[in-house]
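Written out below as structure tokens is the structure these notes cover.
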Amino acid sequence: MELAFIIEKFALILVIFVISLTIAAYSTLAERKIAGFLQDRVGPNRAGPGGMFQPLADGLKMFFKEEIIPTESSTALFILGPSLALFTSFLGSAVIPWGQDVEIAGRMVSLQITDINVGMLYIFGVVSLGVYGIMIGGWASNNKFSLMGAVRAASQNISYEIPMGLSIIALLMSTNTLSMKEIAEQQHGINWNIFYQPLGFLIFLVCSFAETNRTPFDLPECETELVGGYHTEYSGFKMGAYMFAEYLNMFLASAVMSTLYFGGYNYPGMDWVNEMAGSVIGPFIGMGVLILKIFAFIFLFMWVRWTVPRFRYDQLMNLGWKILIPLAIANIVITGIVITIFEKL
Amino acid sequence: MSISLFYFVAFLTIFFALLVIFSKNPVHSVLYLIVTFFTFTLHYIMLNAQFLAIVNFIVYMGAIMVLFLFVLMLLNLNEGSIGSKSNLLKMVGVIAGMCLIITLVGSLRALDTSDPLVLQTQDLGLVKNLGKVLFSKFLLPFEISSILLLSAMIGAVLLAKKDIKQV
Numbered sequence: 063m064e065l066a067f068i069i070e071k072f073a074l075i076l077v078i079f080v081i082s083l084t085i086a087a088y089s090t091l092a093e094r095k096i097a098g099f100l101q102d103r104v105g106p107n108r109a110g111p112g113g114m115f116q117p118l119a120d121g122l123k124m125f126f127k128e129e130i131i132p133t134e135s136s137t138a139l140f141i142l143g144p145s146l147a148l149f150t151s152f153l154g155s156a157v158i159p160w161g162q163d164v165e166i167a168g169r170m171v172s173l174q175i176t177d178i179n180v181g182m183l184y185i186f187g188v189v190s191l192g193v194y195g196i197m198i199g200g201w202a203s204n205n206k207f208s209l210m211g212a213v214r215a216a217s218q219n220i221s222y223e224i225p226m227g228l229s230i231i232a233l234l235m236s237t238n239t240l241s242m243k244e245i246a247e248q249q250h251g252i253n254w255n256i257f258y259q260p261l262g263f264l265i266f267l268v269c270s271f272a273e274t275n276r277t278p279f280d281l282p283e284c285e286t287e288l289v290g291g292y293h294t295e296y297s298g299f300k301m302g303a304y305m306f307a308e309y310l311n312m313f314l315a316s317a318v319m320s321t322l323y324f325g326g327y328n329y330p331g332m333d334w335v336n337e338m339a340g341s342v343i344g345p346f347i348g349m350g351v352l353i354l355k356i357f358a359f360i361f362l363f364m365w366v367r368w369t370v371p372r373f374r375y376d377q378l379m380n381l382g383w384k385i386l387i388p389l390a391i392a393n394i395v396i397t398g399i400v401i402t403i404f405e406k407l
Numbered sequence: 118m119s120i121s122l123f124y125f126v127a128f129l130t131i132f133f134a135l136l137v138i139f140s141k142n143p144v145h146s147v148l149y150l151i152v153t154f155f156t157f158t159l160h161y162i163m164l165n166a167q168f169l170a171i172v173n174f175i176v177y178m179g180a181i182m183v184l185f186l187f188v189l190m191l192l193n194l195n196e197g198s199i200g201s202k203s204n205l206l207k208m209v210g211v212i213a214g215m216c217l218i219i220t221l222v223g224s225l226r227a228l229d230t231s232d233p234l235v236l237q238t239q240d241l242g243l244v245k246n247l248g249k250v251l252f253s254k255f256l257l258p259f260e261i262s263s264i265l266l267l268s269a270m271i272g273a274v275l276l277a278k279k280d281i282k283q284v
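Going line by line, the protein sequences match chains Z and X.
The opening position of the first sequence corresponds to residue 63 in our numbering, with each subsequent residue numbered one higher.
The opening position of the second sequence corresponds to residue 118 in our numbering, with each subsequent residue numbered one higher.
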């Protein structure tokens, strides 16, 4: 392994880490601003111009609050819970292709941390790992409501992983690869997968709402029934870690959906722009486009949160097992038939 | 390098597997089991079997989540509630375990380890090659095992279903 490779990857990891942190921090502000907009009020506007420094103020508050660890709980696991939740939500962005290759000083630098050939499954695995943070934290709190929230999170996660996986299988059948980079490359220009897999995208979208525990599927922290759900006993920075993990998961889910279905860094007329801007600036414009798409999805997440009320638990399970799974299987069958017909023609 | 890495990961595997057995709290056991399966994933990655690694990661970790729920729902969560076994049970357990060890060691010794299997292609574990092999050379065993899984699934649904006549 040469030095330039290590430096390049290290810089990329650092940049993506900082970008995800910033976006997650400002998502908290955006959430409150959008809530304010949808409810016809102003939202936070005191800290800095237009409330720009609100995330900083919130972060400081989280740091300086008292950390309470319940006496009857298992301390190590109580700390492990939020740490694991935060840790796993950072892992997924490693396989997202952020742009086309850039040529810097005669080297082709890939704007993707690693291109493993099972990239899509890797994301799937990381998502399924994420619920352990909630599960461990909820169990270690030694509180009925926390445990209820944690059990809900786990069963919800298990249920919605199945339609999510099935909708990915239909996508695989049309792309013929598991590598995120190749999937992004295939959608050059406006050849996006959403036009081939509209139903698959819809199922994936609903499932990602459930996997990130966002409204209307935020039953693990349903405050009308469970006080605060799995994080009832958490305070200070540990509570902040759970909240941050949720926003990071939302960011990751948006990035995955943009890459799988909405072309990732591709946009119509990109060849022309790349020709005009050169081989260094061009890919970064693509990266900017991807981030814009991610913002659009994050806005969708928030829009839904402040529009749709929470599901009841049995409704959630019915939707997952009796509607989404049959739909996803039907989608696979239809995709198979269509592909066979087009190959015969 | 890779040999020492292998020994390190193998040590971790055995260490956490022992912790699964020796921890008194069932929830701690389950958590150690997760770490043990994670080290299996590392072994697969070192064998360059990426697909198997990631499937092991998803399937086993998902499966343990179900186990976690079972532990929470079906077992009494008091510490030490599992340790109270009669001496007869302990003796039977030790004898059974020893039998298993003897069988395993015997079968490993019978294997000719001086002639290690050399992989023809290094990328055998990649998705494409694995899929091609599964759907050409090993099509029959693959389909039979899928039928086995399907029947297990139908059986589970049948068991979970309410008996309409009785209710």
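A virtual CB, placed ideally from N, CA and C, is assigned to each residue, including glycine.
Being a predicted model, the structure only gives us computed values, none of them experimental.
Cβ shell of residue i (< 6 Å), same chain only, five flanking positions each side left out
| i | result |
| --- | --- |
| Leu153 of chain Z | Val188 |
| Val171 of chain Z | Glu70, Val164 |
| Leu91 of chain Z | Gln116, Pro117 |
| Ser270 of chain Z | Ala315 |
| Asn219 of chain Z | Val193 |
Spatial neighbours of residue i in its chain, beta-carbon cut-off 8 Å, leaving aside the 5 residues before and after
| i | result |
| --- | --- |
| Ser297 of chain Z | Lys127, Glu128, Glu129, Ile130 |
| Ile391 of chain Z | Leu228 |
| Met235 of chain Z | Ile394, Thr397, Gly398, Ile401 |
| Met124 of chain Z | Gly298, Phe299, Met301, Gly302 |
Residue i to residue j span [Cα, whole Å]
| i | j | result |
| --- | --- | --- |
| Glu93 of chain Z | Met364 of chain Z | 6 Å |
| Lys141 of chain X | Ile141 of chain Z | 20 Å |
| Asp102 of chain Z | Trp368 of chain Z | 12 Å |
| Ser146 of chain X | Ile69 of chain Z | 40 Å |
| Ser316 of chain Z | Lys355 of chain Z | 8 Å |
| Gly290 of chain Z | Asn205 of chain Z | 11 Å |
| Gly112 of chain Z | Val370 of chain Z | 27 Å |
| Ile138 of chain X | Tyr149 of chain X | 9 Å |
| Leu100 of chain X | Gly214 of chain X | In the structure displayed, chain X extends from 118 to 284; residue 100 of chain X sits before or after that span and is not available. |
| Ser208 of chain Z | Trp201 of chain Z | 7 Å |
| Arg108 of chain Z | Ser89 of chain Z | 17 Å |
| Ala216 of chain Z | Ala227 of chain X | 44 Å |
| Met208 of chain X | Leu217 of chain X | 14 Å |
| Phe357 of chain Z | Ala86 of chain Z | 11 Å |
| Met305 of chain Z | Val183 of chain X | 25 Å |
| Ile96 of chain Z | Leu65 of chain Z | 45 Å |
| Tyr258 of chain Z | Gly325 of chain Z | 12 Å |
Run of the alpha helix (DSSP H) containing residue i, from where it starts to where it stops
| i | result |
| --- | --- |
| Val370 of chain Z | That residue, Val370 of chain Z, is in no alpha helix (DSSP H); it is neither H nor E in DSSP. |
| Arg226 of chain X | 204–227 |
| Glu64 of chain Z | No alpha helix (DSSP H) holds Glu64 of chain Z; DSSP gives it neither H nor E. |
| Arg103 of chain Z | Unbroken run through Arg103 of chain Z: none, as it is neither H nor E. |
| Glu165 of chain Z | Note, Glu165 of chain Z: premise wrong, no alpha helix (DSSP H); beta strand (DSSP E) at 164–166. |
| Val40 of chain Z | Nothing can be reported for residue 40 of chain Z: it is not among the residues displayed for chain Z, which extend from 63 to 407. |
| Met235 of chain Z | 206–237 |
| Gln248 of chain Z | 242–248 |
| Val144 of chain X | 143–163 |
| Lys300 of chain Z | 298–323 |
| Ile252 of chain Z | Here Ile252 of chain Z belongs to no alpha helix (DSSP H), and DSSP marks it neither H nor E. |
| Asp376 of chain Z | 375–380 |
Distance between beta carbons of residue j and residue i, contact taken as under 8 Å
| i | j | result |
| --- | --- | --- |
| Leu322 of chain Z | Ile245 of chain Z | 6 Å |
| Met182 of chain Z | Leu240 of chain Z | 5 Å |
| Phe174 of chain X | Thr156 of chain X | Not really, about 11 Å apart at Cβ, beyond 8 Å. |
| Ile185 of chain Z | Val318 of chain Z | 6 Å |
| Ala156 of chain Z | Gly195 of chain Z | 18 Å between Cβ atoms; not a contact. |
| Ser203 of chain Z | Thr294 of chain Z | 7 Å |
| Leu288 of chain Z | Met210 of chain Z | 6 Å |
| Tyr292 of chain Z | Glu283 of chain Z | 6 Å |
| Phe279 of chain Z | Met226 of chain Z | Actually they do not touch by this definition, with Cβ atoms about 13 Å apart. |
| Ile175 of chain Z | Leu74 of chain Z | 6 Å |
| Leu386 of chain Z | Val268 of chain Z | 6 Å |
Cβ shell of residue i (< 7 Å), same chain only, five flanking positions each side left out
| i | result |
| --- | --- |
| Met409 of chain Z | Here chain Z covers residues 63 to 407 and nothing more, so residue 409 of chain Z does not appear. |
| Ile353 of chain Z | none |
| Gly98 of chain Z | Val104, Gly105 |
| Ser221 of chain Z | Met379, Gly382, Trp383 |
| Ile231 of chain Z | Ile394 |
| Val351 of chain Z | Tyr327, Tyr329 |
| Phe346 of chain Z | Gly161 |
| Ala307 of chain Z | Ala147, Leu148, Ser151, Gly195 |
| Ile178 of chain Z | Val157, Tyr184 |
For residue i, the first and last residue of its enclosing beta strand (DSSP E)
| i | result |
| --- | --- |
| Val171 of chain Z | 169–171 |
C-beta neighbour in chain C for residue i, strict 9 Å
| i | result |
| --- | --- |
| Ile264 of chain X | Of the chains in the structure shown, none is chain C; the protein chains are Z and X. |
ask   = What residues in the stretch 184–201 of chain Z bring their beta carbon closer than 8 Å to a beta carbon of chain X?
value = Tyr184, Phe186, Gly187, Ser190, Leu191, Val193, Tyr194, Met197, Ile198, Trp201
ask   = Residues in the stretch 215–235 of chain Z with C-beta within 8 Å of chain X's C-beta atoms, listed in sequence order?
value = Ala216, Ser217, Asn219, Ile220, Glu223
request  = Using a Cβ-Cβ cut-off of less than 7 Å, list which residues of the stretch 234–256 of chain Z approach chain X; keep chain order.
outcome  = Leu240
task = Would you list, in chain order, the members of the stretch 154–182 of chain Z that have their beta-carbon closer than 9 Å to a beta-carbon of chain X?
result = Cβ contacts with chain X: Ile178, Asn179, Val180.
Interface residues of the stretch 129–142 of chain X facing chain Z [CB-CB below 7 Å] = Those residues of the stretch 129–142 of chain X that come within reach of chain Z (Cβ to Cβ, closer than 7 Å) do not exist; the list is empty.
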